[in-house]
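In the numbering used here, the protein residues as written are 232 to 457.
Below you can see the structure in the form of structure tokens.
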């Protein structure tokens, strides 16, 4: 799947370099609807859950020069729903929809939290660390107000740890220490891995500020990327 996406993007770049023009919209829709159907809608396609995510572009305003401004909305359906948007629906951003379903369903994420110190030479020494699997979501909800409903956050993707205090309860930070955070993504077969988020200077002072603001031990619940 990733190779097909890379090949398509290279094809578009070559075509644009040769002609000086972008490709036709219909040409792009054909490829991205095929990708969406093949990798997320077909029964044989490996899947994590029964949900499909569609990114819809809706007209929100018209500028003074008559250009249209559009906002993004994420629509969620079950695969067997009779209300699924039709393939080729011009209001659906099919490329964005492929990327979103790829992020949510085809990749695994592990977050690592470590208590470290930095030597005079600048080297980082790890004293304690823990790792936890997390799940990507296009929505968010306050971790200190469990009664509140989730709110759509797309295009921001959140990685939540609902049981953070239970998992990381013994990750205490002392004077002169700092917290290092790393989020790693990998495909289901673990063929490749990549660091997509990294913080190496989360000091004790900053952590205390976050704790006062969020009411949690650590603002790991609010990690945001993409």
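Yeah, the Cβ is synthetic: ideal placement off N, Cα and C, and Gly gets one too.
Report buried or exposed for residue 383, applying the criterion of at least 16 other Cβ atoms within 10 angstroms of its Cβ. Along the chain shown, one-based indexing puts residue 383 at 152. So residue 383 counts as exposed.
State the beta-bridge partners of residue 345 as determined by DSSP. Along the chain shown, one-based indexing puts residue 345 at 114. Beta-bridge pairing links residue 345 to 360 and 411.
Count the C-beta pairs between the region 320-334 and the region 399-413 that are closer than 8 Å, then say yes if the count reaches three, no if not. No, because fewer than three Cβ pairs between the region 320-334 and the region 399-413 fall closer than 8 Å, the two stretches do not touch.
Flag this pair as touching only if the region 346-361 and the region 415-429 have three or more C-beta atom pairs under 8 Å; answer yes or no. No contact exists between the region 346-361 and the region 415-429.
With distances taken between CB atoms, is the gap from residue 340 to residue 395 smaller than 9 Å? Along the chain shown, read from residue 1 onward, the residue named residue 340 stands at position 109. Along the chain shown, read from residue 1 onward, the residue named residue 395 stands at position 164. No, the pair does not count as a contact, with Cβ atoms beyond the cut-off.
What did DSSP end up calling residue 328 once you bin it into helix, strand or coil? On the chain shown, position 97 is the one that residue 328 refers to. Reduced to three states, the DSSP call for residue 328 is helix.
For the beta strand (DSSP E) holding residue 390, just list the boundary residues, first then last. By one-based count along the chain shown, residue 390 stands at place 159. Its beta strand (DSSP E) spans residues 388-391.
Pick from 386, 349 and 380 that is closest to residue 367, judged by C-alpha positions: If you number the chain shown from 1, residue 367 lands on position 136. Of 386, 349 and 380, the residue nearest in Cα terms is 386.
So, are the CB atoms of residue 342 and residue 397 less than 9 Å apart? Reading the chain shown from its first residue, position 111 is the one you call residue 342. Reading the chain shown from its first residue, position 166 is the one you call residue 397. In this structure, the beta-carbon distance from residue 342 to residue 397 does not fall below 9 Å.
Cα-Cα, which of 370, 351, 311 and 402 is closest to residue 345? Here the question's residue 345 lines up with position 114 in the chain shown. Checked all of 370, 351, 311 and 402; the closest Cα to residue 345 is 402.
Can you have a look at residue 426 and say buried or exposed, based on whether 16 or more other CB atoms are within 10 angstroms of its CB? As a working mapping, residue 426 is identified with position 195 in the chain shown. So residue 426 ends up on the exposed side.
Mind checking who residue 426 pairs with in its DSSP beta bridge? On the chain shown, residue 426 is found 195 positions in, with the first residue counted as 1. Under DSSP, residue 426 forms a beta bridge with 415.
CB residue 338 to CB residue 416, shorter than 9 Å? Start at 1 with the first residue of the chain shown, and residue 338 comes out as number 107. Start at 1 with the first residue of the chain shown, and residue 416 comes out as number 185. In contact: residue 338 and residue 416 (Cβ atoms closer than 9 Å).
With DSSP collapsed to three states, give me the class of residue 431. Taking the first residue of the chain shown as position 1, residue 431 is located at position 200. DSSP places residue 431 in strand when its eight states are reduced to three.
Where does residue 306 fall in DSSP's three states? Locating residue 306 in the chain shown gives position 75, where the first residue counts as 1. If DSSP states are grouped into helix, strand and coil, residue 306 belongs with the strands.
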